[in-house]
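Student: In the numbering used here, the protein residues as written are 400 to 516. Glycine included, each C-beta is placed from N, C-alpha and C at the ideal position.
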Amino acid sequence: MSDADLREEIARLEAEIEDRTEAISRCRKVILLSKIVAVGGAILVVLLLLDLIQVDPAVMIGAIAAVIGAGVALGSTTTSSNQLTAALEDAEARRADLIGMLDLRVASDGVDRRRLH
Numbered sequence: 400m401s402d403a404d405l406r407e408e409i410a411r412l413e414a415e416i417e418d419r420t421e422a423i424s425r426c427r428k429v430i431l432l433s434k435i436v437a438v439g440g441a442i443l444v445v446l447l448l449l450d451l452i453q454v455d456p457a458v459m460i461g462a463i464a465a466v467i468g469a470g471v472a473l474g475s476t477t478t479s480s481n482q483l484t485a486a487l488e489d490a491e492a493r494r495a496d497l498i499g500m501l502d503l504r505v506a507s508d509g510v511d512r513r514r515l516h
C-alpha cells in the first residue's frame with residue numbers, strides 16, 4: 400500500500416473515530432437521562448404506594464411506564480455504547496497500525512538537543 404493510500408485510509412479512520420466518539424457522547428447523555436427518569440418514576444411510585452400523594456391511576460400508570468421505559472432505554476443505550484466503544488478501539492488500533500506502516504522521517508533543525516546546558 401502506498402503512503403498516499405495509507406494517509407487516505409488514516410484520514411477515513413480519523414473521521415470514523417470522531418463520529419463514534421460523538422455517538423458515544425450522545426449515548427452517555429441518553430443513559431444519564433434514562434437513569435434520572437427511572438429514579439423519578441420509582442420515587443413517584445413509592446410516594447403513591449405510601450399514600451403521601453393522592454393516588455391517581457393515570458399518574459401511577461405514568462410512573463410505572465417511566466420506570467419500565469427508562470429501564471429499556473438504559474439497557475439498549477448501554478449496549479449500543481459498549482458496541483460503539485469496541486468499534487472505536489478497533490478503529491484506533493487500525494489507525495495506529497497504519498501509522499506504523501508509513502515511512503516517517505525525523506525532522507531535525509540541526510541542533511543537538513541531547514545537551515542539557
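Using the Cα positions of Glu421 and Leu487, report the straight-line distance between them to the nearest angstrom.
Tutor: Each residue's alpha carbon lies about 11 Å from the other.
Student: Are the CB atoms of Ala490 and Arg427 within a distance shorter than 8 Å?
Tutor: Not a contact, by the Cβ cut-off of 8 Å.
Student: Assuming contact is defined by CB atoms lying nearer than 8 Å, are Val445 and Thr476 in contact in what I supplied?
Tutor: Their beta carbons are not under 8 Å apart, which means Val445 does not touch Thr476 by this criterion.
Student: Excluding the five sequence neighbours on either side, which residues of its own chain have a C-beta within less than 8 Å of the C-beta of Ser480, listed in chain order?
Tutor: Same-chain partners within the cutoff: Ile423, Cys426, Arg427, Ile430.
Student: Kindly indicate the opening and closing residues of the alpha helix (DSSP H) around Ala492.
Tutor: Its alpha helix (DSSP H) spans residues 456-500.
Student: Going by Cα to Cα distance, which pick from Ala469, Glu415, Gln453, Asp450 is closest to Ala492?
Tutor: Nearest C-alpha to Ala492: Glu415.
Student: If you run the structure through DSSP and keep just helix, strand and coil, what is Ala445?
Tutor: It is Val, not Ala, that sits at residue 445 in the sequence shown. Val445 falls in the helix class under three-state DSSP.
Student: With DSSP as the reference, label Val505 as helix, strand or coil.
Tutor: Three-state DSSP puts Val505 in coil, outside helix and strand.
Student: State the DSSP-derived secondary structure class of Leu412, mapped to helix, strand or coil.
Tutor: Helix.
Student: From Gly439 to Gln453, what distance separates their C-alpha atoms?
Tutor: Their Cα atoms are separated by approximately 17 Å.
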